[in-house]
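Enquirer: Structure incoming, see below.
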Amino acid sequence: PADALSLQEHGLDFQRLLDASAYKETYRQDMIRWGEEKRRADPGFFCRTVVEGAAQPVWVSGGGGAGGVGGRRAGADGAPAQVVSDTRRLSDVEWFRDVYGDVVQTVRVVATDETRKRRNWVFVTGVDDAESECGLDQGVAFDWVITNDGDELSLDEQLETLLRSLRGRL
1097 PADALSLQEH
1107 GLDFQRLLDA
1117 SAYKETYRQD
1127 MIRWGEEKRR
1137 ADPGFFCRTV
1147 VEGAAQPVWV
1157 SGGGGAGGVG
1167 GRRAGADGAP
1177 AQVVSDTRRL
1187 SDVEWFRDVY
1197 GDVVQTVRVV
1207 ATDETRKRRN
1217 WVFVTGVDDA
1227 ESECGLDQGV
1237 AFDWVITNDG
1247 DELSLDEQLE
1257 TLLRSLRGRL
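Below you can see the structure in the form of structure tokens.
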């Protein structure tokens, strides 16, 4: 959401900000600064924007069973399950936990620096050590940690276990 909102205010090309191009890197620090200003003024700004801006809920298929529409299942209170990806800060996680309580499940995806370098990641001082990139490295007890180091079978097994658990909670 920060990218989309920032582009509205600054006339940036949203599609070009979605890739790993030099265009994105040119504006990354400005976007981070803009996001921090918004967050200082209102810590829940981006979280509310994500929830309010969802065109439709993200459904997790229940695979048969009762409840929901067309085989889709809702949460215990009848509300659809929603997935919010790419939270960046402890304040974001805290906001979702405060608003949605115990139904919130946090998932962290990790890869070694070696794996990330094989994927063409290069550490940039002032960007990769900023809160927007490492704000969740401490202070969060994640419900799930998924390792994505290139072992497809292992990744599939971890994701299937996660999905089974989430479906069981619906």
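Here the sequence shown is numbered in the numbering used here, starting from 1097 and rising by one per residue. We put the CB at the ideal spot given by N, CA and C, even for glycine.
Along the beta strand (DSSP E) that carries V1189, what are the first and last residues, could you check?
Expert: From DSSP, V1189 is part of no beta strand (DSSP E) but of the alpha helix (DSSP H) over L1186 to Y1196.
Enquirer: Check whether the segment 1176 to 1193 touches the segment 1226 to 1243, counting contact only when three or more Cβ pairs, one atom from each stretch, lie closer than 8 Å.
Expert: Counting Cβ pairs under 8 Å, three or more are found: they touch.
Enquirer: Nearest by alpha-carbon distance to R1144: which of A1207, E1190 and T1243 is it?
Expert: Nearest option by C-alpha distance: E1190.
Enquirer: Please name the residue, chosen from E1253, K1213 and R1263, that lies closest to Q1201 on a Cα-to-Cα basis.
Expert: Comparing Cα positions, the closest option is R1263.
Enquirer: Secondary structure at V1180, three-state DSSP: helix, strand or coil?
Expert: Note: V1180 maps to coil in three-state DSSP.
Enquirer: Tell me the rounded alpha-carbon separation between D1252 and V1180.
Expert: Near 20 Å, if we compare the C-alpha coordinates of V1180 and D1252.
Enquirer: With DSSP collapsed to three states, give me the class of A1172.
Expert: Bear in mind that a pLDDT of 47 at A1172, under 50, signals an unreliable position, so the model cannot answer this.
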